[in-house]
Amino acid sequence: MALAFNHKPGLVVYLTAGDPSVEATLAIALEAIDAGADVIELGVPFSDPLADGPVIQRASERAVARGTRMRDVLKIASEIRKARPNAGLVIFTYLNPILRYGCTRFVDDAKAGGADGVLIIDMIVEEADEYLAEMDRAGLAPIFLAAPTSPDERLKNIAAHARGFIYAISRVGITGKQQSMTSDAAALATRVRRWSELPVAVGFGISSAEHVAQVAEFADAAVIGSAIVELIERSTPEAAPGAVARFIKGLRLPQAALAR
Numbered sequence: 001m002a003l004a005f006n007h008k009p010g011l012v013v014y015l016t017a018g019d020p021s022v023e024a025t026l027a028i029a030l031e032a033i034d035a036g037a038d039v040i041e042l043g044v045p046f047s048d049p050l051a052d053g054p055v056i057q058r059a060s061e062r063a064v065a066r067g068t069r070m071r072d073v074l075k076i077a078s079e080i081r082k083a084r085p086n087a088g089l090v091i092f093t094y095l096n097p098i099l100r101y102g103c104t105r106f107v108d109d110a111k112a113g114g115a116d117g118v119l120i121i122d123m124i125v126e127e128a129d130e131y132l133a134e135m136d137r138a139g140l141a142p143i144f145l146a147a148p149t150s151p152d153e154r155l156k157n158i159a160a161h162a163r164g165f166i167y168a169i170s171r172v173g174i175t176g177k178q179q180s181m182t183s184d185a186a187a188l189a190t191r192v193r194r195w196s197e198l199p200v201a202v203g204f205g206i207s208s209a210e211h212v213a214q215v216a217e218f219a220d221a222a223v224i225g226s227a228i229v230e231l232i233e234r235s236t237p238e239a240a241p242g243a244v245a246r247f248i249k250g251l252r253l254p255q256a257a258l259a260r
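Residues 1 to 260 in the UniProt record's numbering are what the sequence shown spells out, letter by letter.
This is the structure:
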């Protein structure tokens, strides 16, 4: 089942769980939803992250150092679901934390915590049979990354097994703010749509209202990660929820303002 995006484009907001604290992550997530985020990607902090740039790496290091564990991430998810039952909620993680927690246990606890889907950043669809069976059993949406370098056969395979939405990487490289969008993102979204009717969310480097407006021309949603994590890093725990809310509202500037 596709996740609902109530705006054009929708906004997927990534947060590193436990940065600056478990309590603050919950407060930030609720403010983000109230400010217009359609989906919260709740990131599991991991000591050896893949594809993440320095901003998210630092956030993971801080959260791990404070003792944030998978059970804390799932607890935050559960509290988000209780407080905002209609928001989209995705657990963003890596394969190792799931293997350590136990795949069946993780899927069951993610479902019980109210998650809609799971994105395992280093899980490739060609090796995901066991994981997909568990996700199907629980009724959770597996979300996969599609890259500009993904061949057509892989995109077809992703389209056949993905649920929720397809995450299209805007460019080759790691996460982090960029000055401009590349043409790779639009081309990839067009290729994905040949095989899937799921919403396409574009991420990696999206950090401004101008970027969001560009994404609206060819995709269904924009994923904002490093820009928000960096804002949290610069804010006090008390000020972070309000700062994130103001930033998200600013991502939907009127077209007239964008043209100035």
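Here a beta-carbon is modelled for each residue, glycine too, at the ideal position from N, C-alpha and C. Note that the structure is predicted; figures quoted are calculated from it, not measured.
query = Quick one: Cα of Val-12 to Cα of Tyr-131, how far?
reply = Position 12 of the sequence shown, counted from the first residue, corresponds to residue 12. Position 131 of the sequence shown, counted from the first residue, corresponds to residue 131. Distance between Val-12 and Tyr-131, taken at the CA atoms: about 23 Å.
Looking only at its chain, what residues have a beta carbon closer than 7 Å to the beta carbon of Ala-186, apart from the 5 residues adjacent to it on each side? Along the sequence shown, read from residue 1 onward, the residue named residue 186 stands at position 186. Taking C-beta separations shorter than 7 Å and ignoring five residues to either side along the sequence, the partners of Ala-186 in its chain run Phe-218, following chain order.
Whole angstroms is fine: what's the gap from Pro-151's alpha carbon to Pro-199's?
-> Translated into positions along the sequence shown, residue 151 becomes position 151. Translated into positions along the sequence shown, residue 199 becomes position 199. Straight-line Cα distance between these residues: approximately 20 Å.
State the Cα-Cα distance for the pair Gly-88 and Phe-165, rounded to the nearest angstrom.
As a working mapping, residue 88 is identified with position 88 in the sequence shown. As a working mapping, residue 165 is identified with position 165 in the sequence shown. Taking the straight line from one Cα to the other gives about 11 Å.
Cβ pair Thr-93, Gly-18 closer than 7 Å:
As a first step, residue 93 must be located in the sequence shown, where it is residue number 93. As a first step, residue 18 must be located in the sequence shown, where it is residue number 18. No, the pair does not count as a contact, with Cβ atoms beyond the cut-off.
request  = Look up Thr-236 in the DSSP assignment and say whether it is helix, strand or coil.
outcome  = Walking along the sequence shown from the start, residue 236 turns up at place 236. Taken through DSSP and simplified to helix, strand or coil, Thr-236 comes out as coil.
Which residue or residues does DSSP assign as beta-bridge partners of Pro-142?
As a position in the sequence shown, residue 142 is number 142, starting the count at 1. According to DSSP, which records beta bridges pairwise, Pro-142 is partnered with Val-118.
### For Tyr-14, the first and last residue of its enclosing beta strand (DSSP E)
By one-based count along the sequence shown, residue 14 stands at place 14. For Tyr-14, the enclosing beta strand (DSSP E) covers residues 10 to 16.
Using DSSP's beta-bridge definition, name the partner residues of Ile-166.
As a first step, residue 166 is located in the sequence shown; it is residue number 166 there, counting from the start. Beta-bridge pairing links Ile-166 to Val-200.
* Could you give the residue range of the beta strand (DSSP E) that holds Ile-224? -> Here residue 224 is taken as the residue at index 224 of the sequence shown, counted from 1. Its beta strand (DSSP E) spans residues 221 to 224.
Note to self: Between which two residues does the alpha helix (DSSP H) holding Ile-76 run?
What the structure shows: In the sequence shown, residue 76 corresponds to position 76, counting from 1. Here the alpha helix (DSSP H) through Ile-76 covers 70 to 83.
Checklist entry - Is Phe-92 helix, strand or coil when you go by DSSP? => result As a working mapping, residue 92 is identified with position 92 in the sequence shown. Residue state, collapsed to three classes: strand.
Nearest-angstrom Cα separation, counted from Ile-248 out to Asp-34: Start at 1 with the first residue of the sequence shown, and residue 34 comes out as number 34. Start at 1 with the first residue of the sequence shown, and residue 248 comes out as number 248. Each residue's alpha carbon lies about 10 Å from the other.
Fill in: the segment 74 to 82 / the segment 109 to 127 touching (three or more Cβ pairs under 8 Å)
Contact holds: three or more Cβ-Cβ distances are below 8 Å.
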